[in-house]
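Have a look at the structure below, then the notes.
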Amino acid sequence: MQENPQWQQIYRVASLIPAGQVASYGQVADLAGLPGRARLVAKVLKAADASQHLPWHRILRASGHIAIQGQQGEQQRLRLVSEGVVVEGMRVKMSKYQWQPSLYLMLHELSG
DNA sequence: ATTGTGACCAAAC
DNA sequence: CGTTTGGCCACAA
């Protein structure tokens, strides 16, 4: 865990991504109020532990590629598939699955 | 203080 | 499609 408010905000945004949808590291950073800090999001997710119940597998590169190499990456692919997301190779079509937060969410969950 | 390394990104070729 | 380039940072050496 981490008490750093920036990390907390990243956890908060990530946890809102619905099953069957995906977001990019950069998108999460933007929504968390940290524009241009996609690498921080990646770092935070890597450090996160299972007890936080974060849907880390719904976060990909902006290109739609799974960022993790090896066994973990394969695990991410499987989790996405189990949610109904089509993964071709190690890539997801962002245009089809990208999370688009509603105005309601923006006002009541993200901005506050 | 400087340098190298990341689960990154967008633009340009 | 693939690579390079310049930006972004956090962190360890």
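For our numbering, add 71 to where a residue sits in the first sequence, where the first one is 1.
Glycine residues also receive a C-beta, built at the ideal position from the N, C-alpha and C atoms.
Asked                                                                                                     : Found
Boundaries of the alpha helix (DSSP H) in which arginine 129 is found, first to last residue              : Per DSSP, arginine 129 belongs to no alpha helix (DSSP H) and is neither H nor E.
Range covered by the alpha helix (DSSP H) that runs through proline 76                                    : 76 to 85
At least 3 beta-carbon pairs within less than 8 Å: the segment 157 to 166 vs the segment 78 to 89         : no
Same chain only: Cβ atoms within 7 Å of glutamine 147, ignoring 5 sequence neighbours per side            : His128, Ile137, Ile139
Straight-line Cα distance separating glycine 141 from glutamine 123                                       : 23 Å
Cβ pair leucine 111, leucine 102 closer than 8 Å                                                          : no
Whole-angstrom C-beta distance between tryptophan 170 and valine 115, which should lie under 8 Å          : Going by Cβ atoms, the distance from valine 115 to tryptophan 170 rounds to 18 Å, so no, they are not a contact pair.
Continuous alpha helix (DSSP H) stretch holding methionine 177: start and end                             : First-last for methionine 177: undefined, no H or E at that position.
Neighbourhood of leucine 176 by C-beta, 7 Å cutoff - its chain only, sequence neighbours within 5 removed : Leu87
Beta bridge counterpart(s) of arginine 162 as assigned by DSSP                                            : His136, Glu159
Residue from Pro76, Ile81, Gln98 whose Cα sits closest to the Cα of proline 172                           : Gln98
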